[in-house]
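Written below as structure tokens is the structure these notes are about.
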Amino acid sequence: GNHLMHYINGKLMSDVTDNDDSKRKSDGLLGLQAHAGFVMKVQYRNIYIKQ
Numbered sequence: 004g005n006h007l008m009h010y011i012n013g014k015l016m017s018d019v020t021d022n023d024d025s026k027r028k029s030d031g032l033l034g035l036q037a038h039a040g041f042v043m044k045v046q047y048r049n050i051y052i053k054q
């Protein structure tokens, strides 16, 4: 879809709607990213994708 809601610890951080039909992708890959630099620990939990 064209709507993304991003929550951290149950709090809505980002709510985005992409209305550009000419450039929007309807399928593809989802990537989770951690940037290089200082040593850090990254954890992902309870990731849901709804259609």
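Going by the working numbering, the letters in the sequence shown line up with residues 4 to 54, in that order.
Beta carbons: idealized from backbone N, C-alpha and C, even for Gly.
All values reported here derive from a predicted model rather than from experimental measurement.
Taken through DSSP and simplified to helix, strand or coil, Y47 comes out as coil.
H6 is positioned such that its CB atom lies closer than 8 Å to that of T20. Rounded to the nearest whole angstrom, the C-alpha separation of S25 and Y47 is 32 Å. Contact check for G13 against Q54 fails: the beta carbons are separated by 8 Å or more. The three-state secondary structure of L35, taken from DSSP, is coil.
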